[in-house]
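2 protein chains.
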Amino acid sequence: MSTQKRPSLVVQVREGLLNDLVAGGLEPGAKLPNENELAERFAVSRATVREAVMSLLEAGYVARRHGSGTYVTSVPRTRHPLETTLSYTAMIRDAGLKPSETVLGQAAREPTEQERSLLDLTAGEQLVEVERVRLASRRPVIYSLDRIPVGLLGPFSDHALDSSLYGILDRVGHRVARASARLTPAVANARLARLLAIKRGTPLLHVDQVDYDERGRSVMLSREWHVADAFELIVNRRASSLE
Amino acid sequence: MSTQKRPSLVVQVREGLLNDLVAGGLEPGAKLPNENELAERFAVSRATVREAVMSLLEAGYVARRHGSGTYVTSVPRTRHPLETTLSYTAMIRDAGLKPSETVLGQAAREPTEQERSLLDLTAGEQLVEVERVRLASRRPVIYSLDRIPVGLLGPFSDHALDSSLYGILDRVGHRVARASARLTPAVANARLARLLAIKRGTPLLHVDQVDYDERGRSVMLSREWHVADAFELIVNRRASSLE
DNA sequence: GAGTGGTCTAGACCACCGT
DNA sequence: CGGTGGTCTAGACCACTCC
């Protein structure tokens, strides 16, 4: 029995336009039909067309020129850029590799002062720390340390956290919706070198991250060390719209 | 004589709401008035309110809960995150430091095959390469190599490119609107160590970037090496909306 | 069931581009 | 000048949350 929800008109129009771009072979620089024509073609209002085009605009597929038209850009698309993708599984799969992971350890402990503050922990509340290595086609690519407040895990708090942490957080009503990541370079020390099967001194990308659920509440802290050449970390940047 | 354009109603509403959040002392978790009330208060339509709230949503200031309300999040804001900021000058200033730069060299040369392809260069077209060191309060923090097609520079093609390259591109009608950056870790070799006044082997963050103008045309290639602890590189990540 | 945000419409008028 | 995207409205109805 299918519980499919009808996709919104905006989504339908976007998919239709995307199909034109990809399958329809619209070359970079090509001009899209104007908004009224698109509205007519998809049998929706112009506002709906505009919202669909707006999402293509944000994703970099098209560029609008006031008074002139909407054009296909030549920007190469990244399927899973860092700013709109939380899942490394998706990124690894993108690179044509097979994602997997190994849990190295899991333990409850007292938070540090910083962790208590970042996770809004009440006095005495502990957190669960999970230590993992992510692999891409058997090759170690990320070493990570994740910390989640015990109180958030509910029935999972004494389970082995050996499946997707995002999946578990989702199931306990704290689906991760956004995250703030701080990027710094690092080099592998002896331990990281061993865990990631690389040489000591190999450059690594360190990601220090706070994850927030849909309510804007911090639910997980992560520290990750990425091997450089396994899969690409791409950030699509844009000029600020807020100033 | 002032040529100020009236900010759009959407911007006015957003500024008004932002003011409530910051000056008005709305605590994290606080509930905003509903959309009809806001529409009335700002004397605009609900659609306009929604668009204003949407931009706050994207910036992480508030979270919407269908059927419940719109709430202030506790997400700490980064003023200039990587994904919405192209200017390192702004980031350095954010960190309370004084940005400056030194041009080390500038020369026209033939592009490599890859550069020709990325910049859509016609046969025989040269590019100008600018080698710079950016400083934060006199301390070297970024070494960069930027390449721009000679043909784009127009009257500036034989000038010294010693001011903001983005500013120059803007003046010749190719304002940079977006960029795609690839992040990798690196370590300082002898040359980078000397230029950045650090030790050999110091971890660096390498950014390999293509800049696009508003028409979606690639206008500049950059390779940058960032010293880790000078200012923070923050990426605000979110769950993908496109799948 | 009352209240909230989510979707969508039809139409108006404005601002900018290009010929 | 005609054609395009940019802004904005007033209102309708739907979907979800929470009491």
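Taken in sequence, the protein lines are chains A and B.
Residues in the first sequence are numbered consecutively from 1, following my numbering.
Residues in the second sequence are numbered consecutively from 244, following my numbering.
All residues carry an ideal CB built from backbone N, CA and C; glycine is no exception.
Model, not experiment: these values are computed from the prediction.
Using the beta-carbon of each residue, which ones in chain B are nearer than 7 Å to residue i?
| i | result |
| --- | --- |
| R194 of chain A | None at all; the shortest Cβ gap to chain B is about 18 Å. |
| G151 of chain A | Going along chain B, no residue has its Cβ under 7 Å from G151 of chain A, so there is no contact; the nearest lies around 16 Å. |
| S117 of chain A | Ordered by position in chain B, no residue passes the 7 Å Cβ test against S117 of chain A, which lies about 11 Å from the chain. |
| S8 of chain A | None at all; the shortest Cβ gap to chain B is about 12 Å. |
| V13 of chain A | Near V13 of chain A there are no residues of chain B at all, since even the closest Cβ is about 14 Å away, more than 7 Å. |
Under the three-state reduction of DSSP, which class applies to residue i: helix, strand or coil?
| i | result |
| --- | --- |
| L118 of chain A | helix |
| S144 of chain A | strand |
| E113 of chain A | helix |
| A136 of chain A | strand |
| S2 of chain A | Caution applies to S2 of chain A, whose pLDDT of 46 falls short of 50 and renders its modelled position unreliable; the model cannot decide the point. |
| R418 of chain B | coil |
| E131 of chain A | strand |
| A52 of chain A | helix |
| A123 of chain A | coil |
| A59 of chain A | coil |
| S163 of chain A | coil |
Let's see if you can read the secondary structure: which residues bound the alpha helix (DSSP H) around residue i?
| i | result |
| --- | --- |
| L38 of chain A | E35 to F42 |
| L252 of chain B | L252 to V265 |
| A333 of chain B | Y331 to D337 |
| R79 of chain A | First-last for R79 of chain A: undefined, no H or E at that position. |
| V393 of chain B | V393 to L396 |
| A30 of chain A | Neither: A30 of chain A is in no alpha helix (DSSP H) and is coded neither H nor E. |
Give the interface partners of residue i over in chain A, defined as CB-CB distance under 9 Å, in chain order.
| i | result |
| --- | --- |
| P383 of chain B | The premise fails here: P383 of chain B is roughly 15 Å from chain A at the closest Cβ pair, so nothing lies under 9 Å. |
| P446 of chain B | T184, P185, A186, V187, P203, L204 and H206 |
| G303 of chain B | R178, S180, Y212 and G216 |
| N479 of chain B | E83, R178, A179, S180 and A181 |
| Y314 of chain B | R215 and G216 |
| E475 of chain B | R182, L183 and T184 |
| S407 of chain B | Per Cβ cutoff of 9 Å: no residues; S407 of chain B is ~13 Å from chain A at best. |
| V462 of chain B | Per Cβ cutoff of 9 Å: no residues; V462 of chain B is ~11 Å from chain A at best. |
How would you write the range of the beta strand (DSSP E) that residue i sits in, first residue to last?
| i | result |
| --- | --- |
| V75 of chain A | Segment: none, V75 of chain A is in no beta strand (DSSP E) and carries neither H nor E. |
| R352 of chain B | P342 to R352 |
| A63 of chain A | V62 to R65 |
Name the chain A residues whose beta carbon is nearer than 8 Å to that of residue i?
| i | result |
| --- | --- |
| G339 of chain B | Neighbours of G339 of chain B on chain A: none; closest Cβ ~17 Å, over 8 Å. |
| T321 of chain B | S180 |
| S465 of chain B | Within 8 Å Cβ-Cβ: nothing; S465 of chain B doesn't reach chain A, min ~11 Å. |
Give the C-beta separation of residue i and residue j to the nearest angstrom, bearing in mind that I take them to be a contact with Cβ-Cβ under 8 Å.
| i | j | result |
| --- | --- | --- |
| R481 of chain B | R178 of chain A | 5 Å |
| R132 of chain A | T112 of chain A | 20 Å between Cβ atoms; not a contact. |
| A186 of chain A | P428 of chain B | 7 Å |
| E83 of chain A | V235 of chain A | 6 Å |
| R134 of chain A | V141 of chain A | 6 Å |
| V128 of chain A | Q114 of chain A | The pair is not a contact, with the Cβ atoms about 17 Å apart (cut-off 8 Å). |
| Y61 of chain A | T73 of chain A | 6 Å |
| R418 of chain B | Y71 of chain A | Contact flag wrong, Cβ pair sits at about 16 Å. |
| A190 of chain A | K199 of chain A | That belief does not hold up - the Cβ atoms of A190 of chain A and K199 of chain A are roughly 10 Å apart, past 8 Å. |
| E467 of chain B | S406 of chain B | That pair is no contact at about 18 Å. |
| L183 of chain A | L476 of chain B | 5 Å |
| P149 of chain A | L119 of chain A | 5 Å |
| V49 of chain A | E58 of chain A | 15 Å between Cβ atoms; not a contact. |
Using a Cβ cut-off of 7 Å, pull out every chain A residue sitting near residue i, in sequence order please.
| i | result |
| --- | --- |
| V296 of chain B | Here the premise fails: no neighbours, minimum Cβ distance about 14 Å. |
| L329 of chain B | R237 and A239 |
| A306 of chain B | E214, R215 and G216 |
| A471 of chain B | T184 and P185 |
| S387 of chain B | Within 7 Å Cβ-Cβ: nothing; S387 of chain B doesn't reach chain A, min ~15 Å. |
Quick one: does the C-beta of residue i sit closer than 7 Å to a heavy atom of the ligand ADP?
| i | result |
| --- | --- |
| A473 of chain B | Although the ligand ADP was asked about, the structure shown includes no ligands whatsoever. |
Can you list the residues of chain B that residue i reaches, using a CB-CB cut of under 9 Å?
| i | result |
| --- | --- |
| V133 of chain A | Result: empty, since nearest Cβ-Cβ is about 18 Å, beyond 9 Å. |
| V130 of chain A | Per Cβ cutoff of 9 Å: no residues; V130 of chain A is ~19 Å from chain B at best. |
| S100 of chain A | Here the premise fails: no neighbours, minimum Cβ distance about 21 Å. |
Against residue i, what residues of chain B qualify as contacts under a CB-to-CB distance less than 8 Å, listed in chain order?
| i | result |
| --- | --- |
| S284 of chain A | This structure cannot speak to residue 284 of chain A, because chain A is shown only from 1 to 243. |
| S137 of chain A | Chain B residues near S137 of chain A: none, gap ~20 Å exceeds 8 Å. |
| V103 of chain A | Those do not exist, as V103 of chain A stays about 23 Å from chain B at its closest Cβ, beyond 8 Å. |
Next item on the list: Starting from the N-terminal side, write out each stretch of the alpha helix (DSSP H) that is 4 residues or longer and does not extend beyond the segment 422-481 of chain B.
Entry: Counting whole runs of 4 or more residues, the segment 422-481 of chain B contains the alpha helix (DSSP H) stretches 433-439.
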